[in-house]
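The structure under discussion appears below in the form of structure tokens.
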Amino acid sequence: MTDAVTVRDLVVHRGRRRVLPGLSCAVPAGRVTGLLGPSGSGKSTLLRAVVGVQHIRSGRVTVLGEPAGSPALRSRVGYVTQAPSVYEDLTVRENARHFAALYGRGAAAADAAVADVGLRDAAGQLVGDLSGGQRGRVSLACALVGDPELLVLDEPTVGLDPVLRVELWQRFAALAAAGTTLIVSSHVMDEAGRCDRLLLLREGELLSDSTPAQLRAESGTDDLEEAFLRLVRARQGVAA
Amino acid sequence: MTAALSPRLTAATGGRVLRQLRHDHRTIAMLTVLPSLLLGLLYLLWRDVPTPPGQEPVFDRVGLTMLGIFPFVVMFLVTSIAMLRERTSGTLERLLTTPLSRLDLLLGYGAAFGLAAAVQALVTVTVATTLYDLDVAGSLWLVVLIAVVDAVLGVALGLLASAFARSEFQAVQFMPVVVLPQFFLCGLLVPREQMAGWLQAVSDVLPLTYAVEALQEVGASADPTGTMWRDVGVVAGVALLALALAAATLRRRTG
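As they're listed, the protein sequences go chains A and B. Just so you know, this note's numbering puts the end of the first sequence at 240, numbered straight through with nothing missing. Just so you know, this note's numbering puts the end of the second sequence at 255, numbered straight through with nothing missing.
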């Protein structure tokens, strides 16, 4: 199994704070990799480094065989920021068609992406008139429309009702089955079980790099939230 | 590194900015009508002031100059706010992860607002010459052309200024910083020949000076003059320079 993303000794400072003190990890191709950890653990910073918009102090991030952020990657990587980054004063359809145009796709691809996130009926509405969860899905559609090889999603399920969340995770699995690599960040541990691979992050350090099954086995609990807590305690025990 | 320019992506950006405008009816109404109304106020202000014999009516000079200043000021403000919104809403960061190059983005803005300025200028010139009897010796099309070039200058400087604004409060205050000195020194309030030498030197390096001079050339001469074309070239050149600088200050990677 090849790696779509490799991170070596990544050091990132934001302001005076050292957010990532020297992180190394890898993301397998064609899988859903969950990036989990509490708020402020450095998840978004790592994702920004992967898409090449984060200023880094040192280290190396390689994406699909190229240095992160290189021009050749811009049509191959899709990025959905934590806050929906779409135009509120455009309709759902206009947003999707704009991003489709940037990726060199036509209107049909845009309409398909809108339908894919379940917003076909809202296609003519202004994004500013939609609910928070719907806006998040517009933002997702604007990344799907480019049909990227790597899809980087920062907390895509925040504020979604449980039914939609399940639908979205099914969609991620389907994309991975079709060959897309996904990195999905979340701070909700009950979503961890839906990932093929888990990266657990805490205060910029990688606590665990395993599969949900391995994590359950190693920590001796079926509850992934509890498994995470045990890992934290074990780490603190070592430190003390 | 800026990726290669793509006319297709520039057009996509320009089209998107115009679609955003289209949904904002009040802004369209204000862009189209407001300069004409303000010009009407100036017309009424000077209507009953007698013109000394042998002199050009004050409104002909001031009104014509304002046709260049309105689009410059309005487009500067609109653009710096629009760009700040791109920054704060996260759409800018997202655009920079797509194949869109930075110059495509900025030229798209320039094209969209330049087009809006053309509509504005057509309406204002028509109203000024029919309702307010504004007397222009040269071609009205040249007035429209200069207004559009001024608008593009406003867009370019607005894009550049927005790179230095961290908040809406700062962005709005760049307007007086960038616009007012140029307005004071452009030769409208005090003829340039009467300014102190050093002020004239400052005026010489401010682009609005050339825009105003170009309009005055059109106002006074039936045929386009070489000075006018040189002035238009200077304004367009400064606009392109500002766009290039704005592209250079647009960082893909941020803290």
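Using N, Cα and C, we set each Cβ at its ideal position, and we do this for glycine too.
Buried or exposed by the 16-neighbour rule on C-beta atoms within 10 Å, applied to residue i
| i | result |
| --- | --- |
| A/L20 | buried |
| B/L185 | buried |
| B/M1 | Only weak support exists for where B/M1 lies, its pLDDT of 41 falling under 50; the value from the coordinates is given anyway. Classification for B/M1: exposed. |
| B/V238 | buried |
| A/H98 | buried |
| B/L84 | buried |
| B/Q216 | buried |
| A/S186 | buried |
| B/A29 | exposed |
| B/F174 | buried |
| B/R47 | exposed |
| B/A112 | buried |
| B/T10 | buried |
| B/P99 | buried |
| A/A192 | buried |
| B/V49 | exposed |
| A/D121 | exposed |
| A/P156 | buried |
| B/R16 | buried |
| B/V177 | exposed |
| B/F76 | buried |
| B/A156 | buried |
| B/Q194 | exposed |
| A/G65 | exposed |
| A/V5 | buried |
| A/E225 | exposed |
| B/G114 | buried |
Given residue i as reference, the closest of the options once Cα atoms are compared
| i | options | result |
| --- | --- | --- |
| B/E168 | B/V235, B/Q194 and B/T79 | B/T79 |
| B/T209 | B/G68, B/A128 and B/L140 | B/G68 |
| A/P84 | A/L35, A/P28 and A/S139 | A/S139 |
| A/H55 | A/V114, A/S208 and A/H13 | A/H13 |
| B/T65 | B/T130, B/V155, B/V144 and B/L9 | B/V144 |
| A/L35 | A/E167, A/A122 and A/G204 | A/G204 |
| B/A161 | B/W46, B/T27, B/A248 and B/L9 | B/A248 |
| B/G154 | B/F72, B/S36, B/T27 and B/R61 | B/F72 |
| B/F142 | B/A29, B/G15, B/D60 and B/A222 | Here residue 142 of chain B is Leu; the residue named in the question, Phe, does not match the sequence. When only C-alpha atoms are compared, the closest one is B/A222. |
| A/A110 | A/L126, A/D121, A/R93 and A/Q125 | A/R93 |
| B/S6 | B/L77, B/L250, B/R19 and B/R102 | B/R102 |
| A/L241 | A/G106, A/L231, A/R165 and A/Q134 | Since the first residue of chain A shown is 1 and the last is 240, residue 241 of chain A is not available in this structure. |
| B/A236 | B/P99, B/L159 and B/A151 | B/A151 |
| A/P162 | A/G59, A/L153, A/A49 and A/V188 | A/V188 |
| A/V117 | A/T81, A/R137 and A/G124 | A/R137 |
| A/N95 | A/L198, A/A227, A/G132 and A/A123 | A/A123 |
| B/T32 | B/V119, B/E193 and B/L157 | B/V119 |
| A/R233 | A/S208, A/A213, A/E149 and A/Q214 | A/S208 |
| A/G42 | A/G104, A/V145, A/V11 and A/G59 | A/V11 |
| B/Q55 | B/A220, B/V148 and B/V179 | B/A220 |
| B/E86 | B/A165, B/L240 and B/L140 | B/A165 |
| B/F70 | B/D133, B/I146, B/P57 and B/V136 | B/I146 |
| A/L200 | A/E149, A/R235 and A/D129 | A/R235 |
| B/L240 | B/G90, B/L159, B/D133 and B/A137 | B/L159 |
Cβ-Cβ separation, residue j to residue i (assumed contact under 8 Å), whole Å
| i | j | result |
| --- | --- | --- |
| A/A176 | A/D147 | That belief does not hold up - the Cβ atoms of A/A176 and A/D147 are roughly 14 Å apart, past 8 Å. |
| A/L102 | A/L151 | Incorrect: roughly 16 Å between the Cβ atoms, too far for contact. |
| B/A128 | B/L39 | 6 Å |
| B/T124 | A/V77 | Not really, about 46 Å apart at Cβ, beyond 8 Å. |
| A/V63 | A/L47 | So it is not a contact: roughly 11 Å between Cβ atoms. |
| B/P191 | B/V234 | Incorrect: roughly 19 Å between the Cβ atoms, too far for contact. |
| A/D154 | A/V80 | 6 Å |
| A/V86 | A/R135 | 7 Å |
| A/V50 | A/A68 | 6 Å |
| A/G59 | A/R8 | 6 Å |
| A/G37 | A/R202 | 5 Å |
Bridge partners - residue i, DSSP secondary structure assignment
| i | result |
| --- | --- |
| A/T91 | A/L126 |
| A/L10 | A/L23 |
| A/T62 | A/T6 and A/P67 |
| A/E205 | A/R202 |
| A/G78 | A/L151 |
| A/V117 | Answer is none; A/V117 lacks a bridge partner. |
| B/G255 | Looking at the DSSP assignment, B/G255 forms no beta bridge with any residue, so it has no partner. |
| A/V54 | Note on residue identity: the sequence assigns Gln, not Val, to residue 54 of chain A. According to DSSP, which records beta bridges pairwise, A/Q54 is partnered with B/T254. |
| A/S253 | Since the first residue of chain A shown is 1 and the last is 240, residue 253 of chain A is not available in this structure. |
| A/P28 | A/D3 |
| A/S210 | A/L198 |
| A/R17 | A/R14 |
Proximity test, residue i beta-carbon vs the ligand PLP heavy atom, cut-off 8 Å
| i | result |
| --- | --- |
| A/C25 | The model on display carries no ligand, and the ligand PLP is accordingly not part of it. |
### Message
Ignoring anything shorter than 3 residues, give me the beta strand (DSSP E) runs that lie fully in the segment 130-217 of chain B, in order along the chain.
### Response
none
### Task
Go through the segment 36-114 of chain B residue by residue and report every complete run of the beta strand (DSSP E) that reaches 3 residues or more, in order.
none
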